[in-house]
Amino acid sequence: LAEQQQSKYLDLYTILPSEISMQLAEVSLALGAIEDQIQKTREIKENFSSRIHDISEKLKAVSTKFKEKSPDVDHAKEEVKNLVEDLDSCGRTLAELDAAVQDFSRRNPFLAKQLSDAISKLSEMHHHTSRLADCRNNWLKKAVCYLDEYNEMLDFIVRWSERARGLVRANIIWNSSVHLQEQILIQTLNCLVFRSLTNMILKLTFL
């Protein structure tokens, strides 16, 4: 615009009035400041958007891991511990990001509203993932209890099996009611424990 005005006055073989020249210079400076502000706002928005995207991807990865089955209880314990740490880290980053957006809202309410909506969705995702973590922890506690029961039953079976093998190798007096009752008891207990052990294996499989 300034160049057009200068060209116009040059065509008339005269000089651009100083008043107009000053006004155009002020407008040019104001426009430059506005352009700088727009560029800064764009950079801030891109920074916020990038951080929001990073948190979203981390939460998705943590959520997916929580839904996967682990090969064994020890591995599951370590994995859950690491995932909970990642989840807590996401929570802290999300809180910091929310505070930064609240501060930014004083300068750009409209843009801050868009960012706040995105953060609200992230907060919902974080809450949902936290619930998955709680469920996984509960499942893990059950698995540990079942595994302890399983090991106790297994130890019980091993001891009774050794006793049964000892009786089989021994010279059994078949007309002895005591020996017969003992063998019947052993077989009955073995069957009961075997069924209990089978049920326990099924429970561990479903966890």
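Numbers in this note's numbering are just positions in the sequence shown, counted from 1, shifted up by 698. We put the CB at the ideal spot given by N, CA and C, even for glycine.
The continuous alpha helix (DSSP H) containing S787 extends over residues 771-802. Assignment of S768 by DSSP, reduced to helix, strand and coil, places it in the coil class. Assigned with DSSP and collapsed to three states, R857 falls in helix.
Rounded to the nearest angstrom, the gap between the Cα atoms of K819 and A793 is 13 Å. V799 is not a Cβ neighbour of S821, given a cutoff of 8 Å. In this structure, DSSP gives R805 a state outside helix and strand, which the three-state scheme calls coil. By the C-beta density criterion, S748 is exposed, having fewer than 16 other C-beta atoms within 10 angstroms.
In this structure C788 is buried. Its beta-carbon is surrounded by 16 or more other beta-carbon atoms within 10 angstroms. Nearest C-alpha to L781 among D770, E766, L795: E766.
Only residues of its own chain outside the window of five on either side were considered, and among them V799, F802, S803 have a CB closer than 6 Å to the CB of A810, listed in chain order. In the assembly as shown, R805 is an exposed residue. Its beta-carbon has fewer than 16 other beta-carbons within 10 Å. Under the three-pair Cβ rule at 8 Å, the stretch 836-843 counts as touching the stretch 769-777.
Separation of L729 and E744 (C-alpha to C-alpha, rounded to the nearest whole angstrom) is 22 Å.
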